[in-house]
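What follows is a short report on a single structure.
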Amino acid sequence: RDSRRMPMITISVFVWFLISLSWRLTIISIFLLAIVALANQYFIYRSREFGRILSEKSREYSNKLFEILTGIRLIKTVSNESYEYDLIKKIIREREQADFDAQANSSLIGPFNEVSGIISVLVMVVLGRYLFLDKIESFSTILLTYLVFLFRLLPLVGQLNSSRSRLANVAHSAKITTEFLRQDNKPFMSKGSEIYHKLEQGINFKEVSFSYPGHEDLVLNKINLWIEKGKTIALVGASGAGKSTIADLLPRFYDPTEGTITIDGKDLREYDLKTFRRAMGVVSQDTFLFNNSISYNIAYGRENFTLEEIIEAAKRANAYEFIIDLPKGFDTEIGDRGVRLSGGQRQRIAIARALLRNPDILILDEATSALDTVSERLVQQAIDEVCRDRTTLVIAHRLSTVQKAHKIVVLDKGSIVELGNHEKLLEKNGYYARLYSMQFTEQSRPKVILPTNESLLRASLQASYKFRSRLSYEVRSHLNVMLGSLILVNDGFLDNPEEQYELIEESYNSAMRLLKIIEFYEDNNISQNY
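For the sequence shown, my numbering begins at 983 and goes up steadily by one.
Written out as structure tokens, the structure is:
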């Protein structure tokens, strides 16, 4: 701060000396320097504009580079490398041009101030001879002394103008940073002071409504929900029904717009945020893993752990078998976001992390939605293990993963439309039953094991004509279920593209296999063998 004040103090001292020598010449000097300052204002305006362009181009370049790196698979898949290369090359050139313009503008300020100073001195000499015409004997002495002080003053003025230009150049970036650091326009959450220890009774949502900041439309509308300790609650519904929003309110990523969430009868906002979140575990479909070892990722966020605890958590999460097959076992580096692991392996690592934390409350957000059948089975077994005797909130599109839940909450457009366990909701024959019928065969339908090759099929057909008729019935029934699954995709109940693609591919492959079986035993004249 003192270094910034020194130039102003020095200028003030010099101005006082100049006034004491000749107030008339000082007035002329101030007038001329004011003209120079106004001329400098043009350069300062240009510096501010070039700084804004440079800041925007730098941000555009960073965003585009990150976008290309994260989407490199898609870019290569559609052979769009040339387009993206030309686009980022254009952005780089525009950024370099803005940087060059800003530096060129700053470089002009120094020479301009030098020339302006020389012109100002010449003007003062001419005007000084006119002002001191009646004192021609003392003119040379006064003017020489005055110019000595003035020449000491001009570099300081030029330094101030250069500083103004540099400040203008970074003004836009400073504005963005200041806006980011402001606290008066941000809805900071109160952290509370009550230390959270353990859930004793349950969690209660009372008339909870919520809308995202800047949007008036309610995502949740008057939600009333009781989650008993040690029970598993499943949230199902179409995309945009508000399932994930409820899951975000519980760890206080957001606070309700209206209503309250209570823990054992006490408002959630009264609890210390850090201790409450430490008692929670979250496993989502988009599992994040650090570019580090497997043991580091499993133990992340946990203090005072042992290798034996990590191994035990991995075993309970069905992850131990594939981990020990890796080159360095638990010390294997898994790459950025776990790129060296499959989707199912990443999910099991996330579940192991939750098991090691031993959370009091667990949130599972579409934990198996993007997995293949084998991985889903392994992950589901791990989920069943982690949910045992634990208060759990499950979000799922696949209803097969929520049938064991103690309570199923059916959401539609931000409101609860149905509530109950799996059997009771099917008996109601409402919204949940319609979703279920689209994904599964009716439970009362008898199961028939289909032959897997032609020889077995031929033997079965020769055994019984009645069985053949029954087989045709079963095959067509499965085809109807596949059509129901495709309707589920078409109606928008699935918001995950990978899940949609997987469901369509499985339905197509199964349909082709069953159609071939139908053609074989209906068109082949095997009846001649009877």
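Every residue gets a Cβ at the ideal spot worked out from N, C-alpha and C, and that includes glycine. Quick caveat, the model's predicted, so the values are computed rather than measured.
For residue i, the nearest candidate out of the options (CA to CA)
i: GLU1405; options: SER1382, LEU1393, PHE1048 and ASP1394; result: SER1382
i: GLY1219; options: ASN1300, TRP1005, LEU1007 and LEU1417; result: LEU1417
i: LYS1386; options: GLY1396, LEU1407 and LYS1395; result: LEU1407
i: PHE1304; options: LYS1395, GLN1327, ALA1021 and ASP1230; result: GLN1327
i: VAL1107; options: GLU1285, ALA1295, ARG1006 and PHE1187; result: ARG1006
i: GLY1224; options: ASP1199, THR1214, GLY1247 and LYS1248; result: ASP1199
i: MET1420; options: ARG1380, ILE1215 and LYS1389; result: ARG1380
i: GLY1033; options: GLU1063, THR1059 and PHE1082; result: PHE1082
i: PHE1131; options: TRP998, SER1489, THR1314 and PHE1287; result: TRP998
i: ILE1365; options: PRO1309, ASN1403 and ARG1298; result: ARG1298
i: GLY1317; options: GLU1176, LEU1271 and ASN1403; result: LEU1271
i: ASN1300; options: ILE1398, SER1061, ALA1229 and GLN1363; result: GLN1363
i: ALA1084; options: THR1239, SER1324 and SER1037; result: SER1037
i: VAL1265; options: ILE1293, GLN1329, PHE1048 and ASN1062; result: GLN1329
i: PHE1133; options: GLU1096, GLY1320 and PHE1048; result: GLU1096
i: ASN1186; options: SER1172, TYR1178 and LEU1207; result: LEU1207
i: PRO1093; options: ALA1080, ILE1057 and ASN1022; result: ASN1022
i: VAL1346; options: PHE1162, ALA1295, VAL1384 and GLY1402; result: Here residue 1346 turns out to be Leu, not Val, going by the sequence shown. Minimum Cα distance to LEU1346 is reached at VAL1384.
i: VAL1105; options: TYR1065, LEU1015, GLU1176 and LEU1163; result: LEU1015
Own chain partners of residue i with C-beta closer than 7 Å, once the 5 adjacent residues on each side are dropped
i: PRO1428; result: A caution first: PRO1428 carries a pLDDT of 41, below 50, which makes its placement in the model too unreliable to give a value.
i: ARG1028; result: ASN1087
i: GLY1099; result: LEU1136
i: TYR974; result: Past the boundaries of the shown model lies residue 974; the chain is included only from 983 to 1512, so the question cannot be answered.
i: GLU1400; result: VAL1392, LEU1407, LYS1410, GLY1412, TYR1413 and TYR1414
i: ALA1153; result: ARG1030 and GLY1033
i: CYS978; result: Only positions 983 to 1512 of the chain appear in the structure, and residue 978 is not among them; the question remains open.
i: LEU1056; result: none
i: ALA1445; result: Residue placement at ALA1445 is flagged as unreliable, the pLDDT there being 48, under the threshold of 50; the coordinate-derived value follows with that caveat. Hits under 7 Å: none found.
Close-in-space but distant-in-sequence residues of the same chain around residue i (CB under 6 Å, 5 per side omitted)
i: GLY1263; result: ALA1336, ARG1339, PRO1341 and LEU1344
i: SER1144; result: ILE1091
i: ILE1118; result: For ILE1118, the pLDDT reaches just 49, beneath the cut-off of 50, and the residue's location in the model is therefore unreliable, although a value from the coordinates is still provided. Nothing meets the Cβ criterion.
i: ARG1188; result: The question names Arg, but residue 1188 is Lys in the sequence shown. Hits under 6 Å: GLY1241 and THR1242.
i: ILE1026; result: ARG1146, SER1147 and ALA1150
i: PRO1233; result: ARG1259 and MET1262
i: ILE1215; result: ILE1209, LEU1375 and LYS1389
i: GLU1424; result: Its pLDDT being 42, under 50, GLU1424 is placed unreliably by the model, and nothing is read from it.
i: ASP1249; result: THR1242
i: ASP1394; result: GLY1219 and ALA1223
i: GLY1320; result: LEU1271 and ARG1328
i: ASP1230; result: TYR1236
For residue j and residue i, believed in contact at Cβ under 8 Å, the rounded distance
i: ILE924; j: ILE1050; result: Since the first residue of the chain shown is 983 and the last is 1512, residue 924 is not available in this structure.
i: ILE1377; j: LEU1202; result: Not a contact, Cβ separation roughly 14 Å.
i: SER1191; j: LYS1180; result: That belief does not hold up - the Cβ atoms of SER1191 and LYS1180 are roughly 29 Å apart, past 8 Å.
i: VAL1018; j: SER1102; result: 7 Å
i: GLU1182; j: ASP1237; result: Wrong, their Cβ atoms sit about 23 Å apart, outside the cutoff.
i: ARG1514; j: GLY1184; result: The structure shown does not extend to residue 1514, since the chain spans only 983 to 1512, so no value can be given for it.
i: THR992; j: LEU1138; result: 6 Å
i: TYR1178; j: THR1244; result: 13 Å between Cβ atoms; not a contact.
Sequence-distant residues of its chain with Cβ nearer than 8 Å to residue i (five each side left out)
i: GLY1212; result: ASP1371, ARG1372 and THR1373
i: ASP1313; result: SER1275, ILE1276 and SER1277
i: THR1239; result: SER1191, PHE1192, SER1193 and LEU1200
i: ILE1292; result: SER1277, ILE1280, ALA1281, PHE1312, ALA1334 and LEU1338
i: LEU1047; result: ILE1070
i: ALA1080; result: PHE1032, ILE1035, LEU1036 and LYS1039
Buried versus exposed call for residue i [16 or more other C-beta atoms within 10 Å across all chains shown]
i: TYR1253; result: buried
i: HIS1197; result: exposed
i: VAL1392; result: buried
i: TYR1128; result: buried
i: THR1227; result: buried
i: GLU1348; result: buried
i: ILE1009; result: exposed
i: ARG1041; result: exposed
i: TYR1067; result: exposed
i: SER1002; result: exposed
i: SER1011; result: buried
i: GLN1267; result: buried
i: PRO1195; result: exposed
i: SER1221; result: exposed
i: TYR1489; result: According to the sequence shown, residue 1489 is Ser rather than Tyr. Answer is buried; the Cβ neighbour count reaches 16.
i: LEU1289; result: exposed
i: THR1052; result: exposed
i: THR1159; result: exposed
i: ILE1054; result: exposed
i: LEU1020; result: exposed
CB contact below 8 Å: residue i versus chain D
i: SER1089; result: Among the chains in the structure shown there is no chain D, since it carries only a single protein chain.
*Within the segment 1162-1241, ranges of the beta strand (DSSP E) (whole runs, at least 3 residues)*: You should have 1184-1192, 1202-1210 and 1214-1219.
*Can you give, in chain order, each stretch of the beta strand (DSSP E) that sits fully within the segment 1256-1333 and has at least 3 residues?*
Correct list: 1262-1266.
*Taking the runs of the beta strand (DSSP E) that are 3 residues or longer, which of them lie wholly in the segment 1066-1154?*
Qualifying beta strand (DSSP E) stretches: none in this window.
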